[in-house]
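See below for the structure under consideration.
Number of protein chains: 2
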Amino acid sequence: MARPTIADIAIRAGVSKGAVSFALNGRPGVSDATRERILKIAEQMSWRPHSAARALGASRVDSVGMVIARPARTLGVEPFFAHLLSGVQSGLSAESISLQLLIVEDTATEIEVYRRWSSEHRVDGVILVDLTVKDPRIDELKALELPAVVIGGRGGKGALASVWADDRDAMLSIVEYLAALGHRRIAHVAGTPLFQHTVRRIKAVRDAAPRLGLVDAPSLTTDFSDAEGAATTRKLLSQASRPTAIVYDSDVMAVAGLGVAMEMGVSVPGDLSIVAFDDSILTQLMHPALTALSRDTFEFGRQAAEVLLEVIADPTRIINRRTADPVLTVRESTAPPA
Amino acid sequence: MARPTIADIAIRAGVSKGAVSFALNGRPGVSDATRERILKIAEQMSWRPHSAARALGASRVDSVGMVIARPARTLGVEPFFAHLLSGVQSGLSAESISLQLLIVEDTATEIEVYRRWSSEHRVDGVILVDLTVKDPRIDELKALELPAVVIGGRGGKGALASVWADDRDAMLSIVEYLAALGHRRIAHVAGTPLFQHTVRRIKAVRDAAPRLGLVDAPSLTTDFSDAEGAATTRKLLSQASRPTAIVYDSDVMAVAGLGVAMEMGVSVPGDLSIVAFDDSILTQLMHPALTALSRDTFEFGRQAAEVLLEVIADPTRIINRRTADPVLTVRESTAPPA
DNA sequence: TGGGTTTGATAAACCGGTATAGCTCCTGCA
DNA sequence: TGCAGGAGCTATACCGGTTTATCAAACCCA
Numbered sequence: 001m002a003r004p005t006i007a008d009i010a011i012r013a014g015v016s017k018g019a020v021s022f023a024l025n026g027r028p029g030v031s032d033a034t035r036e037r038i039l040k041i042a043e044q045m046s047w048r049p050h051s052a053a054r055a056l057g058a059s060r061v062d063s064v065g066m067v068i069a070r071p072a073r074t075l076g077v078e079p080f081f082a083h084l085l086s087g088v089q090s091g092l093s094a095e096s097i098s099l100q101l102l103i104v105e106d107t108a109t110e111i112e113v114y115r116r117w118s119s120e121h122r123v124d125g126v127i128l129v130d131l132t133v134k135d136p137r138i139d140e141l142k143a144l145e146l147p148a149v150v151i152g153g154r155g156g157k158g159a160l161a162s163v164w165a166d167d168r169d170a171m172l173s174i175v176e177y178l179a180a181l182g183h184r185r186i187a188h189v190a191g192t193p194l195f196q197h198t199v200r201r202i203k204a205v206r207d208a209a210p211r212l213g214l215v216d217a218p219s220l221t222t223d224f225s226d227a228e229g230a231a232t233t234r235k236l237l238s239q240a241s242r243p244t245a246i247v248y249d250s251d252v253m254a255v256a257g258l259g260v261a262m263e264m265g266v267s268v269p270g271d272l273s274i275v276a277f278d279d280s281i282l283t284q285l286m287h288p289a290l291t292a293l294s295r296d297t298f299e300f301g302r303q304a305a306e307v308l309l310e311v312i313a314d315p316t317r318i319i320n321r322r323t324a325d326p327v328l329t330v331r332e333s334t335a336p337p338a
Numbered sequence: 339m340a341r342p343t344i345a346d347i348a349i350r351a352g353v354s355k356g357a358v359s360f361a362l363n364g365r366p367g368v369s370d371a372t373r374e375r376i377l378k379i380a381e382q383m384s385w386r387p388h389s390a391a392r393a394l395g396a397s398r399v400d401s402v403g404m405v406i407a408r409p410a411r412t413l414g415v416e417p418f419f420a421h422l423l424s425g426v427q428s429g430l431s432a433e434s435i436s437l438q439l440l441i442v443e444d445t446a447t448e449i450e451v452y453r454r455w456s457s458e459h460r461v462d463g464v465i466l467v468d469l470t471v472k473d474p475r476i477d478e479l480k481a482l483e484l485p486a487v488v489i490g491g492r493g494g495k496g497a498l499a500s501v502w503a504d505d506r507d508a509m510l511s512i513v514e515y516l517a518a519l520g521h522r523r524i525a526h527v528a529g530t531p532l533f534q535h536t537v538r539r540i541k542a543v544r545d546a547a548p549r550l551g552l553v554d555a556p557s558l559t560t561d562f563s564d565a566e567g568a569a570t571t572r573k574l575l576s577q578a579s580r581p582t583a584i585v586y587d588s589d590v591m592a593v594a595g596l597g598v599a600m601e602m603g604v605s606v607p608g609d610l611s612i613v614a615f616d617d618s619i620l621t622q623l624m625h626p627a628l629t630a631l632s633r634d635t636f637e638f639g640r641q642a643a644e645v646l647l648e649v650i651a652d653p654t655r656i657i658n659r660r661t662a663d664p665v666l667t668v669r670e671s672t673a674p675p676a
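Chains A and B supply the protein sequences, listed in that same order.
Residue numbering for the first sequence follows this note's numbering, beginning at 1 and increasing consecutively.
Residue numbering for the second sequence follows this note's numbering, beginning at 339 and increasing consecutively.
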C-alpha cells in the first residue's frame with residue numbers, strides 16, 4: 001500500500017484514529033502497551049504525517065522562507081549566501097522545518113512574495129537579508145503579522161527580531177590594525193549606501209580617523225560589483241597622494257582591486273596594503289593571499305534560524321541577538337607602508 | 339478580517355462555498371454575473387487559497403525540491419549553483435510553484451530527505467544534480483515513485499528524465515582548440531571520477547589524443563577543491579617534460595592552478611596555457627583572465643524546471659532534453675606554446 | 001402543454017490529520 | 001454498597017479547500 005494514512009494504521013491496530021494520533025504524538029490517552037503496538041505498526045508501514053493535513057489542522061506548516069533580492073550574477077561568487085543557507089538549515093533541521101528559498105530581482109518582487117506566502121500560509125516565518133536604510137520590508141511584514149528575523153541589521157525599537165554582528169567594531173579593528181602598522185592614508189571602498197551595514201562601516205571609519213591621526217580616510221561607495229571595485233581602485237591609485245592601504249567591503253571587490261594594483265605596477269603589500277571585509281576561499285586563492293575579516297557566517301545563519309523559531313513560537317517576543325565578533329585574519333596583503 | 343476563507347467570500351456574496359470554488363477556478367457551474375461578483379469580492383478581500391487545504395484535496399502541493407549534497411565550503415564559490423537555482427526558479431515561477439532547497443553533507447542524507455519529502459507529501463517532484471556513476475538515488479526515486487529530473491547526466495534506458503549538455507563535445511572543442519594552437523602536451527586536471535560528467539570528459543580527452551597527435555594527455559582526478567587543484571598543478575609543472583597547456587574541470591581549480599604557475603615562475607600564457615571548464619566572474623577577475631568554457635547555467639536550470647513540471651503532469655513520460663552547447667570564451671590565458 | 005434537457009446553484013462528502021466531548025470500565029474510599 | 005474519579009478509548013467535529021450528487025427553475029421542442 002502506498003502512503004498509508006493514520007486510518008490504515010488504526011484499522012491494522014484495531015483502534016480508532018484518535019488513539020493512533022495520541023500514540024504517535026506522545027500524548028496521554030493510550031496505554032503503554034497500545035502505544036507500543038501502534039508505534040510498531042506505524043514504523044512497519046513507514047508512516048509519516050501528511051504535511052498538508054497537519055498544516056491544515058494546526059496552523060503551522062513547518063516551513064520558513066527566505067528571499068534574496070539580488071541579481072543572480074553577483075550572487076554566485078559570494079560564498080556568504082551558501083554558508084548562511086547551510087547555517088540556517090542546520091538550525092532548522094533540528095526541528096525538521098523546511099526552507100523555501102527564492103531568488104528575485106528586486107525588493108518590490110520580494111514584498112510581493114511575502115504577501116503571497118502569507119496569504120497562502122506557505123511559511124511560518126521569514127528570514128531577511130540585506131537590510132537597507134528605511135527598509136520597506138519591515139512595515140510590510142509587520143502588517144502581514146508574519147514572524148521574521150533580520151540578519152545583519154539590528155532592529156530599532158518596536159522592530160523585528162534580529163541577529164547581528166558588530167560592524168562598527170569590526171571596521172574599527174581593521175582600521176586600528178592598519179594604523180598600528182603605520183598607515184595614515186587609508187581608503188575605504190564601500191558597498192552601496194542603501195545598506196545599513198555599509199552606512200555603519202562608513203561611519204566607523206570617519207569616527208576613527210581623527211583619533212588614529214589619519215591624514216585622509218575617504219569612503220567611496222559602489223554597487224558591490226567587481227567592476228566598480230576595480231574602477232574605484234583605479235581612481236584612488238591615480239591620485240597624486242595615493243592611499244597606502246585600502247579596505248574593501250567585500251572579498252570580490254578586494255580581488256578586483258588587487259588586480260588593478262598589479263596592472264598599475266603598484267606592489268602589494270609593498271606599496272599598498274589590502275584588506276577585505278569578508279573572507280572566503282577567494283581571498284586565499286590570490287597571490288598574495290588577502291588579509292580579511294572572517295565572520296562565522298554558518299553560525300550566523302544557524303542563530304537566525306534559532307531566533308526565528310523562537311519568534312514563531314511566541315510572536316510577542318522581540319529578540320536581538322548579537323553573534324560572535326568577526327576576527328581579522330592577517331595574510332600576505334598587509335604590511336607597514338614603504 | 340485576517341486571512342479570509344472561501345466561506346467568508348461565500349457569505350459576503352450570498353452563495354455557497356462550492357459556487358465560490360467554481361468561480362475562482364474558472365470552471366462551469368456559475369453564471370457569468372455571479373462569477374464576476376465572486377471574483378470581485380475575492381479580489382477585495384485579497385483572498386488566496388490556503389496551500390495546505392488545497393494540497394489536501396488535490397494530491398499536489400505545488401512545490402518541488404532540490405537537494406545539494408556537498409560540503410558548504412566548496413559550494414559558495416561555485417557560481418554554478420546560484421545560476422542554476424535562479425534558472426530553476428524562473429522556470430517554476432511561471433506556474434507559481436515554490437522550491438524547497440536543502441544543502442546536506444552526503445548522499446545518504448540526501449536519500450533520507452527524499453524519503454521524508456515523499457512520505458510527508460512535501461514536494462511534487464525533485465531535481466537531481468551531481469549524477470554519479472551507478473547513482474543510488476535513481477533507484478530510490480523510482481521506488482518512491484517521486485517524479486524527478488536529472489541535471490547534467492543523460493539517463494540511460496528506463497531511467498529518469500534529464501536535462502543535459504554534451505560534455506564530450508565541449509571537452510573536444512577545448513582540446514581541439516589547444517591542439518590547433520600547436521599544443522601537443524596537454525594535461526587535464528579533472529574532478530572526482532565518481533561523477534558521470536568527469537568520466538565523460540576524461541574519456542573525451544583520451545579518445546581525441548591520438549587523432550590530434552598529442553604526445554601525452556593525462557587526466558588527473560581530484561576532489562574539485564582548490565587545494566587538490568593546486569597540488570596537482572604543482573606535480574604537473576614539476577615533471578621533466580611539463581605540459582604546455584592544462585585544462586581544469588572547474589574555475590576554482592583553474593584559479594588555484596594559475597596561482598601555482600605564478601608561484602613557480604611559469605608564465606601564463608607564455609610557458610603554459612590554462613583553460614577552465616566552467617566560466618564565472620572568477621575567471622574574469624584573474625590576471626591574466628582565464629579562457630573558459632561558458633555554459634548557460636541559468637537556461638540549464640530553467641529547462642530542468644520545465645521538464646520536471648512536464649514529468650509531474652504525466653509521470654509516464656521520459657524526457658531527455660539536450661540543452662545548448664557550451665562555447666569556449668577565449669581570454670588571455672591561452673596562446674601558442676613557446 | 002407536457003416531458004426532457006440544460007443551466008445555476010446548493011448541500012454534503014472528502015482529503016488526513018488534530019482536538020474534544022463523551023462513554024465505559026475499573027479502582028478506591030467512605 | 002454506592003459513588004466519585006480517572007484511565008483508556010471511541011466518535012465526531014474541525015481545519016479550508018475541491019468535488020460530487022442532487023435539485024429547482026428555466027428552456028426547448030414537438
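The beta carbon of each residue, even a glycine, is placed where N, CA and C say it ideally should be.
What three-state label does DSSP hand residue i in the structure shown?
i, result
"Ile6 (chain A)", "helix"
"Asp616 (chain B)", "coil"
"Asp554 (chain B)", "strand"
"Thr629 (chain B)", "strand"
"Arg242 (chain A)", "coil"
"Thr559 (chain B)", "coil"
"Ser267 (chain A)", "coil"
"Ile435 (chain B)", "coil"
"Val247 (chain A)", "strand"
Tell me the residue span of the beta strand (DSSP E) that contains residue i.
i, result
"Arg321 (chain A)", "320–322"
"Met66 (chain A)", "63–69"
"Val451 (chain B)", "Val451 (chain B) -> not in any beta strand (DSSP E); alpha helix (DSSP H) instead, spanning 445–457."
Going by beta-carbon coordinates alone, are residue i and residue j separated by less than 8 Å?
i, j, result
"Gln100 (chain A)", "Ser436 (chain B)", "yes"
"Ala599 (chain B)", "Asp616 (chain B)", "no"
"Leu404 (chain A)", "Ala391 (chain B)", "In the structure as shown, chain A starts at 1 and stops at 338, and residue 404 (chain A) therefore has no counterpart that could be examined."
"Pro336 (chain A)", "Gly182 (chain A)", "yes"
"Val613 (chain B)", "Ile476 (chain B)", "no"
"Pro664 (chain B)", "Ser618 (chain B)", "no"
"Arg168 (chain A)", "Leu144 (chain A)", "no"
"Leu498 (chain B)", "Ala508 (chain B)", "no"
"Glu514 (chain B)", "Leu550 (chain B)", "yes"
Do you know how far the Cα of residue j is from the Cα of residue i?
i, j, result
"Ile111 (chain A)", "Leu309 (chain A)", "21 Å"
"Pro548 (chain B)", "Thr536 (chain B)", "20 Å"
"Ser369 (chain B)", "Asp400 (chain B)", "29 Å"
"Ile441 (chain B)", "Arg640 (chain B)", "20 Å"
"Ile344 (chain B)", "Thr5 (chain A)", "26 Å"
"Gly352 (chain B)", "Ala361 (chain B)", "13 Å"
"Arg339 (chain A)", "Glu601 (chain B)", "With chain A covering only 1 through 338, there is no way to say anything about residue 339 (chain A)."
"Asp468 (chain B)", "Gly529 (chain B)", "11 Å"
"Ile656 (chain B)", "Arg492 (chain B)", "11 Å"
Tell me, please, whether the CB atom of residue i is closer than 8 Å to any CB atom in chain A?
i, result
"Ser359 (chain B)", "no"
"Glu458 (chain B)", "yes"
"Val731 (chain B)", "Because chain B is modelled from 339 through 676, residue 731 (chain B) falls outside the range shown and cannot be assessed."
"Pro675 (chain B)", "no"
"Ile441 (chain B)", "yes"
"Gly597 (chain B)", "yes"
"Leu437 (chain B)", "yes"
"His388 (chain B)", "yes"
Do we get a CB-CB distance below 8 Å when we pair residue i with the residues of chain B?
i, result
"Met262 (chain A)", "yes"
"Arg295 (chain A)", "no"
"Gln303 (chain A)", "no"
"Ile281 (chain A)", "yes"
"Ala69 (chain A)", "no"
"Gln44 (chain A)", "no"
Mind checking which residues open and close the alpha helix (DSSP H) that includes residue i?
i, result
"Ala499 (chain B)", "Note, Ala499 (chain B): premise wrong, no alpha helix (DSSP H); beta strand (DSSP E) at 499–502."
"His526 (chain B)", "First-last for His526 (chain B): 524–527, but that is the beta strand (DSSP E), not the alpha helix (DSSP H)."
"Leu308 (chain A)", "297–313"
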